[in-house]
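Under my numbering, the very last position in the sequence shown is 684; numbers go up by exactly one each time.
Report on one structure; see the data block that follows.
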Amino acid sequence: MCGIAGFITVSKNIEQKKKSIDIMMSRIAHRGPDGEGVWLSESSPVVLGHRRLAIQDLSDAGHQPMRSADGRYVIVFNGEIYNFQELQAELMQVGYLFEGHSDTEVLLALIQHRGLEVALQKCNGMFALALLDVNEQTLCLARDRIGEKPLYYGWVDGVFSFASQLNSVVSFSENKNLNIDQASLASYLRYGHVPAPYSIYQKIYKLSAGTVLTINLAQDSATGALKHVPPSEDRRIKSFWSLYDSVCKAKEAVFETEQEAHETLKETLERSVKRQIISDAPLGTFLSGGYDSTLVTALAAKVSPTKLSTFTIGFDEKQFDESEFAASVAKHIGTDHHEIILSSHDAMNVVPSIPQYYDEPFANASQIPTFLVSKYASESVKVCLSGDGGDELFAGYNRYTVPEKLASRTQKFPRVVQKIAAYLINALPSHTINKIYGVLGRYRGAMEQQANVDLKLKKVARFLENPNIQAYYQYLLSICPNPTSLLLSSIERHWVDSLKIPGPIQNKFIERAQYQDQLFYLPDDCLTKVDRASMAVGLEVRAPLLDYELIELSWRCSVSQKVNNGKAKWPLRKVLYEHVPRELMDRPKMGFTVPINDWLKGGLRDWAEALLCRKNLGRSGCFDVDAVTKLWGQNLRGETNDANSLWAVLMFLAWSNRDG
């Protein structure tokens, strides 16, 4: 796991090239604290840089940039190829020799032997890379199938550059002559992140998952600077793997029985975990006590040659704390369990520094506990397995099942009754709803564990207003359902609505939602959150449930196999129950989140008000000052619960005000 950077220039000034790449790498030094390397030449317009977090082959044989044995290719690589040992054995059979045992050296040999596209198709892993072909004078940028590892590229002051993080790409803008993409800003407010292939800046993009961008250096840079081409028009971008094609193919071979699905899933899961525990550095797992992380931990403990370390954090707010469940699971599995309980004060202390780690605006509040657990784990290990992907692959989110349930339960009532009910719910201030719930909770103790009851009830009201399940799904996905109401610009790019949906799932709501999430929410929200939080502290996080073989397998399961009698993620549960008793697992899901609304009214209020002052809002040049100020006031008074919308505004403002 590392950080990569580079650029294309017509300059032959070696000192200037070295200075520029050093600045780029300094911006991503946290991604690779174990070493750095540069490749540059007077005869080549390409400059490559690499920061190393040593995981496989800790010796100098794993140093990058790395050149192929025949001298044709130079690569900088960020990620892991989990099946590299199998690929190495195949290559050795046809005469290839290796100096070390790094996956990068194996990948280079495979590219030399079969070419880049075939090599990527044979690789099982997470990665972002840049490959210079010295003979053909091409530069290729590539990103893994599902988008676990980031790769930005773009045009800054006439220079084409690329890197693992945005702040490295924009280092060429000495005068900070960067323009906010207003459509991206609206998307950010709606979803809490900027969807690929766009970034928060104009002319800078994220390479989409499963694609390769090939630049012909002789042709494209002949004029001294690469011409800016938006991704939608860039014919140089080609897919080496497509979720669309994978879904269509999987639906031609659906599992006929639940038993067939179970046996195939079990075998594939065990193979994925066995591959991903290979590491020359200390390894552990994140353990929340939920189904996904527990399953990964149980399988890893089964095949690990040493006692497995597990890590969890808890909060002193009981309705947000699952640490006791994680401890019970760890005891049953038999891991070396590490647990830390944090006060809200501990968590809030890291909030002002969050924008430094997320170099693009990012507003999923679970970024806070994700960073904290990564920091805690990094004190003991350099690699952690996570349970990311289980919800998206096996229909674990409520937003997959709730819309159809609401539709079936409310259709018996006339529309006029539904609209009246929605009006009455919306007429109640958030603090009134929570107060009523609190009184009821005195008589039903279990209710006291529920958080954000006002938000849940308001979501029901939204459905009653417009009982369209596809529109409701988009609403549930939005943290700010009407972002342009807070902005000076009314431009919004409706990215999700333009997705091409595979024919076999066109009319199947749950699978449509899963497909959209796997292309959109998973890489741009969940995986971005984990990548930035973990790499900020020099920790590599691997997600065995996102093995592409598992992704393709999951689409062979029918909806009824994934959601069995109301139980979501049933295929994963069945495998898990072979390792952990049901009574330890079957409980309401809390989610990995924090009481952000309470914090904004309490310990974070001074920080928030400093950012939301009218002068600062006006200086941003993006927000409708009156609209944001009104929203903040309503939230403070408890009339509404718009903490998520406000968090997005705050994270953007904090990001804008950061140093560097």
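For each residue, glycine too, the CB sits at the ideal point set by N, CA and C.
Where Thr456 falls, given that 16 or more other Cβ within 10 Å makes a residue buried:
exposed
Delimiting residues of the alpha helix (DSSP H) encompassing Trp179:
Careful: Trp179 lies outside any alpha helix (DSSP H), inside the beta strand (DSSP E) at Tyr176 to Val180.
Tell me the DSSP secondary structure of Gly313 in three-state form.
coil
Could you pull out every residue in the same chain whose Cβ sits closer than 7 angstroms to the Cβ of Ala325, ignoring the five residues on either side in sequence?
Leu332, Ile357, Gly358 and Thr359
Please report how far the alpha carbon of Ser188 lies from the alpha carbon of Lys173, in whole angstroms.
8 angstroms
Using 8 angstroms as the threshold, is the C-beta distance between Gly313 and Glu363 below it?
no
The alpha helix (DSSP H) that contains Asn191, what's its start and end?
Leu190 to Val193
In the DSSP assignment, what residue or residues form a beta bridge with Pro57?
Arg76
Option in Leu366, Val375, Glu573 and Leu596 with minimal Cα separation from Gln145
Glu573
Taking only the alpha-carbon atoms, compute the straight-line gap between Lys593 and Arg606 and give it to the nearest angstrom.
14 angstroms
How would you label Ile575, buried or exposed, when you count the other beta carbons within 10 angstroms and need 16 or more for buried?
buried
Check for me: the alpha helix (DSSP H) holding Glu160 runs from which residue to which?
Run containing Glu160: none; DSSP gives neither H nor E here.
At what residues does the beta strand (DSSP E) containing Ala220 begin and finish?
Per DSSP, Ala220 belongs to no beta strand (DSSP E) and is neither H nor E.
Mind checking whether Leu307 and Val397 have CB atoms under 8 angstroms apart?
no
Touching or not, the stretch 540-558 and the stretch 219-228, by the rule of three or more beta carbon pairs under 8 angstroms?
yes
Can you tell me the Cα-Cα spacing of Ile22 and Tyr539, whole angstroms?
Because the chain is modelled from 25 through 684, residue 22 falls outside the range shown and cannot be assessed.
Report the residue from Glu291, Glu384, Glu110 and Val441 whose alpha carbon sits nearest the alpha carbon of Asn681.
Glu384
List the DSSP bridge partners of Cys408.
Gly308 and Val565
Residue range of the unbroken beta strand (DSSP E) whose run includes Leu241
Per DSSP, Leu241 belongs to no beta strand (DSSP E); it is in the alpha helix (DSSP H), Leu241 to Asp244.
Select from Ser402, Leu511, Gln435 and Cys504 the residue whose C-alpha is nearest the C-alpha of Leu670.
Cys504
Given Thr162 as reference, the closest of Ile32, Val142 and Tyr421 once Cα atoms are compared
Ile32
With a floor of 4 residues, list each alpha helix (DSSP H) that falls wholly inside the stretch 574-598, ordered by position along the chain.
583-586
Taking all protein chains shown into account, decide if Thr321 is buried (16 or more other Cβ within 10 angstroms of its Cβ) or exposed.
buried
Cβ-based burial, Ala285 [other Cβ within 10 Å; buried from 16]:
buried
Alpha carbon to alpha carbon, how far is Asp549 from Leu115? Give it in angstroms, no decimals.
37 angstroms
Nearest candidate by alpha-carbon position, reference Ser368, set Asn621, Pro453, Gly59 and Ile38:
Asn621
Could you give the uninterrupted runs of the alpha helix (DSSP H) lying entirely in the stretch 607-669, keeping only those of 4 residues or more?
620-625, 629-635, 638-644 and 649-660
Do we get a CB-CB distance below 8 angstroms when we pair Ser92 with the residues of chain B?
In the displayed structure, chain B is absent; only one protein chain is listed.
Cut-off 6 angstroms between Cβ atoms - residues of its own chain near Ala29, not counting five sequence neighbours on either side
Met48, Met49, Gly73, Ala187 and Ser192
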